[in-house]
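In what follows, a structure is listed as structure tokens, so that the remarks can point back to it.
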Ligand SMILES: Cc1cc2nc3c(=O)[nH]c(=O)nc-3n(C[C@H](O)[C@H](O)[C@H](O)COP(=O)(O)OP(=O)(O)OC[C@H]3O[C@@H](n4cnc5c(N)ncnc54)[C@H](O)[C@@H]3O)c2cc1C
């Protein structure tokens with residue numbers, strides 16, 4: 015019988031491991047000098063090739079190089095001393111990596127790396143929610159409120175186990191310390207979300223010795239409880255909407271026979287699957303082995319202006335970055351804290367037996383579909399999830415205080431989204447004055463979720479409103495993670511609302527320490543965290559002077575239709591006393607939008623009153639999130655609205671509205687005299 019692919023793979027790995035051991039034992043390792051610098055314990059590429067060929071491991075020098083590269087890239091056996099080169103048949107120096115030099119997986123007695131499967135077993139493990147927090151050092155001496163990280167992952171199916179194996183491996187070993195010198199870093203990064211990961215990888219990539227400390231799950235909000243799971247659920251929701259929208263389908267000449275159903279459990283399983291697939295990118299192993307970052311899984315706490323403590327070790331830094339992100343805040347509503355505590359109860363046998371009071375940190379743990387969900391908050395997170403869940407068959411009511419949705423965006427544009435959501439079936443109550451009470455009714459619904467009763471006071475109503483539901487999603491605002499880190503010891507100024515205080519170069523009040531990402535910025539987006547991190551690397555390591563104020567950050571709300579904006583809004587311009595003009599082009603006049611039956615929405619340019627300089631723009635409509643980047647590029651490259659008229663767009667595309675807006679601008683440039691002359695020329699040509 016021929017071996018299965020797995021057996022064959024295992025045999026191949028064993029042979030290579032054997033080869034790796036021999037290779038390491040036979041190669042000459044010693045200190046070597048290059049341009050006055052001594053590189054400790056190194057071997058030379060061409061000498062290694064000599065060995066591989068003379069020992070018969072490789073038939074030719076070319077084959078030896080390929081083999082060496084496999085040992086370097088796939089087995090992370092060694093690396094170039096400055097991590098700049100692949101293994102080659104030349105005089106470059108390489109050094110072997112020790113097993114947990116930059117942190118590593120724990121191993122059992124047989125040398126196999128530990129996985130969450132080893133601890134959780136089956137099938138019991140599947141029913142227990144896991145709270146990883148209690149195993150963290152220091153947790154017992156800090157009050158709960160002082161530590162906030164996502165700490166619940168459920169269910170523990172194969173996907174969530176893979177996720178955890180990647181982003182919070184069980185028993186991850188701190189980087190090996192041979193002497194105190196090993197604990198001195200060029201850069202210590204606290205928090206392993208987008209901001210921290212990019213800061214750490216970028217710094218290590220330019221040769222710095224970097225420690226990255228993550229208290230819970232590498233990838234932070236974006237991977238685990240933010241962008242990735244929310245966009246995945248939105249994908250299913252939009253598919254469901256398309257096939258369920260019979261009028262729309264009938265108009266397009268399509269009839270769906272039979273009943274379309276949504277398998278909610280499957281939808282949520284796909285969310286977990288996609289998240290686990292992507293989690294490899296942010297994994298502890300990839301960051302330590304491939305990207306050269308020393309990983310600590312633990313809670314970071316400053317002990318002085320130049321030291322951080324983690325897992326009982328004191329790390330010394332030349333520079334540090336605080337990238338601890340933020341967390342969703344609960345509302346002051348009588349009864350909420352008590353029910354929320356029950357919802358978090360890690361002793362509960364199944365997820366279903368808990369009251370479903372959730373934030374973005376737990377909503378993706380849902381497996382059963384709630385019947386009625388109240389979403390508190392009409393901002394980006396609230397609306398995206400409210401629409402998605404409604405489209406997946408949950409009856410959703412959105413609550414807010416301000417009378418409108420998406421308060422950051424222009425009100426009329428937000429209304430386009432709201433109207434679509436009303437058509438989808440979402441109920442809005444946007445003038446709540448007082449959240450009076452939330453309580454359990456004692457009834458348990460068919461899905462296993464306890465029923466809750468929410469009492470609130472709406473503006474203009476004499477009687478309070480009573481809502482019954484089996485799920486509450488709180489998306490009413492976020493607060494920065496600034497407590498429990500002893501920022502005082504580091505002399506870093508902060509407050510609980512704005513987070514860590516930074517100057518325009520992202521430096522805190524301690525000039526060695528930088529702030530990056532959600533913890534110190536109004537722009538709470540992954541791409542903003544990414545570009546802030548790049549600025550921090552340049553400023554901290556290369557005496558750069560990158561300014562936060564010079565980052566042009568666009569953003570999108572991924573409802574349908576989408577809203578996307580960049581630059582200044584009308585209110586900003588008025589506040590700054592800048593005279594401006596507005597140019598708008600509607601999708602109802604766009605051929606592609608008409609063909610696609612997606613005519614809701616428009617683009618709005620805010621342009622300097624005297625020139626065609628674009629000061630800001632917003633788009634509401636299908637594909638707005640993609641389209642806004644063209645405007646961003648124009649603004650960044652100082653391309654005026656008039657010049658956009660000359661950009662040839664493929665026909666028919668919705669992005670033509672951008673070019674057409676340029677035409678609108680150019681028309682206003684034609685003075686009466688110019689118009690007369692042009693008409694004269696045209697007449698002459700007839
Ligand atoms: C539901 C939702 C959907 C979103 N969708 C989008 C989107 O579509 N597009 C977009 O651009 N943005 C989106 N965002 C925003 C995006 O997720 C954040 O802007 C981004 O994650 C910020 O990254 P960060 O690194 O600053 O913080 P985080 O991702 O919050 O990471 C901070 C990390 O620090 C760790 N930490 C905290 N304190 C300590 C400590 N003392 N020691 C060690 N570690 C610590 C935490 O465990 C966490 O992992 C969404 C957010 C949510 C909630």
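Numbering (our numbering), first residue to last: 15 to 700. Cβ atoms here follow ideal geometry from the backbone N, Cα and C, with glycine treated the same way. For clarity, every value in this text was computed on a predicted model and none was experimentally measured.
Is any non-hydrogen atom of ligand 1 found closer than 7 Å to the C-beta of residue 568, if you look at the structure I gave you? As a working mapping, residue 568 is identified with position 554 in the chain shown. Distance from the C-beta of residue 568 to the nearest heavy atom of ligand 1 is not below 7 Å.
In angstroms, rounded to a whole number, what distance separates the CA positions of residue 108 and residue 177? Locating residue 108 in the chain shown gives position 94, where the first residue counts as 1. Locating residue 177 in the chain shown gives position 163, where the first residue counts as 1. Rounded to whole angstroms, residue 108 to residue 177 spans 32 Å at the Cα level.
With a Cβ-Cβ cutoff of 8 Å, do residue 579 and residue 642 count as a contact? By one-based count along the chain shown, residue 579 stands at place 565. By one-based count along the chain shown, residue 642 stands at place 628. Yes.
What are the complete beta strand (DSSP E) segments, minimum 3 residues, inside the segment 403 to 431? 409 to 413
When you measure from the CB of residue 107 to every non-hydrogen atom of ligand 1, does any distance come out below 7 Å? For the purposes of this step, residue 107 is taken as residue 93 along the chain shown, with counting starting at 1. Because no heavy atom of ligand 1 lies under 7 Å away, the Cβ of residue 107 does not count as near it: no.
Burial state of residue 563, where buried means 16 or more other Cβ atoms lie within 10 Å: As a position in the chain shown, residue 563 is number 549, starting the count at 1. Classification for residue 563: exposed.
For residue 649, which of helix, strand or coil comes out of DSSP? Within the chain shown, the letter at position 635 stands for residue 649. It is helical.
So, under 8 Å CB-CB, residue 484 and residue 370 are touching, yes? Tell me the CB distance rounded to an integer number of Å. Indexing the chain shown from 1 puts residue 484 at position 470. Indexing the chain shown from 1 puts residue 370 at position 356. Correct: roughly 6 Å between the Cβ atoms.
Tell me the rounded alpha-carbon separation between residue 634 and residue 94. Stepping through the chain shown from its first residue, residue 634 is reached at position 620. Stepping through the chain shown from its first residue, residue 94 is reached at position 80. Roughly 50 Å separates the two Cα atoms.
Taking 8 Å as the limit between beta carbons, can you name the residues of its chain near residue 330, skipping five residues before and five after? Taking the first residue of the chain shown as position 1, residue 330 is located at position 316. Beyond the five residues adjoining it in sequence on each side, residue 330 comes within less than 8 Å, by CB distance, of 197, 198, 199, 320 and 321 in the same chain, given in chain order.
Whole-number beta carbon distance between residue 211 and residue 301, since they are thought to touch under 8 Å: Taking the first residue of the chain shown as position 1, residue 301 is located at position 287. Taking the first residue of the chain shown as position 1, residue 211 is located at position 197. Residue 301 to residue 211, Cβ: 7 Å. Contact.
Using a Cβ-based criterion (distance less than 7 Å to any ligand heavy atom), does residue 313 qualify as near ligand 1? Residue numbering aside, residue 313 sits at position 299 when the chain shown is read from its first letter. Yes, since a heavy atom of ligand 1 falls inside the 7 Å radius drawn around the Cβ of residue 313.
Reduced DSSP category for residue 497 - H, G, I as helix; E, B as strand; rest coil: By 1-based counting over the chain shown, the position of residue 497 is 483. Here residue 497 sits in coil by DSSP.
Is it a yes or a no for the segment 222 to 237 touching the segment 343 to 361, going by three-plus beta-carbon pairs under 8 Å? no
Give the range of the alpha helix (DSSP H) segment to which residue 208 is assigned. Sequence index remark: in the chain shown, residue 208 carries index 194 (1-based). Here the alpha helix (DSSP H) through residue 208 covers 208 to 219.
Entirely enclosed alpha helix (DSSP H) segments - the segment 45 to 115, minimum 4 residues: 59 to 68 and 75 to 87
Tell me where the alpha helix (DSSP H) around residue 541 begins and ends. As a first step, residue 541 must be located in the chain shown, where it is residue number 527. Note, residue 541: alpha helix (DSSP H), 540 to 555.
Answer yes if the segment 380 to 398 comes into contact with the segment 505 to 524, meaning at least three C-beta pairs across the two stretches below 8 Å, and no otherwise. no
Consider the C-beta atom of residue 227 and the heavy atoms of ligand 1; say whether any pair is separated by less than 7 Å. Position 213 of the chain shown, counted from the first residue, corresponds to residue 227. True, at least one ligand heavy atom lies under 7 Å from that Cβ.
Residues near residue 503 in its chain [Cβ-Cβ closer than 7 Å; skip 5 each side]: The sequence position of residue 503 within the chain shown is 489, counting from 1. Closer than 7 Å at the Cβ level, and outside the excluded window around residue 503, lie 316, 317 and 318.
Whose C-beta lies closer than 6 Å to the C-beta of residue 582 among residues of the same chain, with five residues either side of it excluded? For the purposes of this step, residue 582 is taken as residue 568 along the chain shown, with counting starting at 1. The beta carbon of residue 582 is closer than 6 Å to those of 629 and 630 in its chain, skipping five residues each way along the sequence.
Tell me whether residue 49 is buried or exposed, calling it buried when 16 or more other Cβ atoms sit within 10 Å of its Cβ. For the purposes of this step, residue 49 is taken as the residue at position 35 of the chain shown. When all chains shown are included, residue 49 counts as exposed.
Quick one, which of 226, 283, 691 and 464 has its alpha-carbon nearest residue 171's? Along the chain shown, read from residue 1 onward, the residue named residue 171 stands at position 157. When only C-alpha atoms are compared, the closest one is 283.
Taking the straight line between their C-alpha atoms, what separation do you get for residue 242 and residue 374? By one-based count along the chain shown, residue 242 stands at place 228. By one-based count along the chain shown, residue 374 stands at place 360. Roughly 12 Å between the two C-alpha positions.
Applying the criterion that 16 or more other CB atoms from any shown protein chain within 10 Å of the CB defines a buried residue, is residue 448 buried or exposed? Here residue 448 corresponds to residue number 434 of the chain shown, with the count starting at 1. Exposed, by the Cβ-count rule.
Alpha-carbon to alpha-carbon, residue 518 and residue 528: On the chain shown, residue 528 is found 514 positions in, with the first residue counted as 1. On the chain shown, residue 518 is found 504 positions in, with the first residue counted as 1. When rounded, the distance between both Cα atoms is 11 Å.
Can you tell me where the beta strand (DSSP E) with residue 386 in it begins and where it stops? Counting from 1 along the chain shown, the entry for residue 386 is found at position 372. Taken as a continuous stretch (DSSP letters only), the beta strand (DSSP E) holding residue 386 covers 386 to 390.
Examine ligand 1 and report whether any of its heavy atoms sits within less than 7 Å of the Cβ of residue 512. Within the chain shown, residue 512 is the residue found at index 498, counting from 1. No.
What separation, rounded to the nearest whole angstrom, lies between the Cα atoms of residue 207 and residue 541? Numbered from its first residue, the chain shown carries residue 207 at position 193. Numbered from its first residue, the chain shown carries residue 541 at position 527. Each residue's Cα considered, the two are about 12 Å apart.
Where does the unbroken beta strand (DSSP E) through residue 579 begin, and where does it stop? On the chain shown, position 565 is the one that residue 579 refers to. 576 to 581 is the extent of the beta strand (DSSP E) around residue 579.
Apart from the five residues on each side of it in sequence, which residues of its chain come closer than 6 Å, Cβ to Cβ, to residue 500? Your numbering for residue 500 matches position 486 in the chain shown. Closer than 6 Å at Cβ, skipping near neighbours: 315 and 316.
I want to know whether the segment 585 to 605 touches the segment 555 to 572 - three or more CB-CB distances under 8 Å. no
What separation, rounded to the nearest whole angstrom, lies between the Cα atoms of residue 179 and residue 129? Walking along the chain shown from the start, residue 179 turns up at place 165. Walking along the chain shown from the start, residue 129 turns up at place 115. So the alpha carbons of these two residues sit roughly 6 Å apart.
Within its chain, find whatever has a CB closer than 7 Å to the CB of residue 89; leave out the 5 residues flanking it on each side and keep chain order. Taking the chain shown and counting its residues from 1, one reaches residue 89 at position 75. Result list for residue 89: 30 and 34, in chain order.
Ligand 1 heavy atoms versus the CB of residue 538: any closer than 7 Å? The residue given as residue 538 occupies position 524 in the chain shown. Checking every heavy atom of ligand 1 against the Cβ of residue 538, one is found closer than 7 Å.
Decide yes or no for the touch test of the segment 653 to 662 against the segment 432 to 447: beta carbon pairs closer than 8 Å, at least 3 of them. no
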